[in-house]
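Here full-length UniProt numbering is used: position 72 in the sequence shown is 72, and no number is missing along the way. Heads up, the beta-carbon is just placed ideally off N, CA and C, and yes, glycines get one too. Just so you know, these numbers come straight off a predicted model, no measurement behind them.
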Amino acid sequence: MNFLRGVTGIIVAFAMAGLGVLFALQNDVAVPLDLLVYRFAPRSLALWVLAAFALGGLCGVLVASAVSLRLRTRMRLLNRQLTRAQSEADRLRHRGRVARD
């Protein structure tokens with residue numbers, strides 16, 4: 001199953017790269033990018049669009065990583081609490097058996 005997932009991922013990556021190349025070839029008009037305080041030199045429209053797409057993807061990965069890290073930390077804390085609660089429950093059960101004997 002992991003092999004199939006890997007092959008599918010590679011095929012999707014190549015397809016996206018191919019579409020990116022076709023997009024770049026079709027959109028070769030030079031366009032300046034004007035941010036409020038800085039004006040970039042004219043570059044290919046495809047370059048600006050693909051750079052924005054990549055930057056958005058990178059931002060999404062960073063946010064997802066932060067959320068994932070937070071959830072893993074929370075899960076680790078809850079697992080520690082569960083282990084403590086289980087050991088205390090076992091200790092109390094054992095104490096109850098000893099008291100009855």
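Mind checking A15: buried by the 16 CB within 10 Å criterion, or exposed? A15 is classed as exposed because its beta carbon has fewer than 16 other beta carbons within 10 Å across all chains shown.
V49 in three-state terms, based on DSSP: Helix at V49.
Beta-carbon separation of V29 and L45 under 8 Å? In this structure, L45 lies closer than 8 Å to V29 by Cβ.
To the nearest whole angstrom, what separates the beta carbons of L50 and G20, a pair I think is in contact under 8 Å? 6 Å between Cβ atoms; contact.
In whole angstroms, what separates the C-alpha of N79 from that of C59? In this structure, the straight-line span from the alpha carbon of N79 to that of C59 is close to 30 Å.
Through-space distance from G57 to A17, alpha-carbon basis: One alpha carbon belongs to A17, the other to G57, and they sit about 15 Å apart.
So if DSSP puts S44 in a beta bridge, which residue, or which two residues, is it bridged to? Residue pairing of S44 in beta bridges, as defined by DSSP: A30.
Determine whether the beta carbon atoms of F23 and L33 lie at a separation below 8 Å. Contact check for F23 against L33 fails: the beta carbons are separated by 8 Å or more.
What does DSSP give as the partner residue(s) for R39 in the beta ladder? Within the DSSP bridge table, the entry for R39 names D34 as partners.
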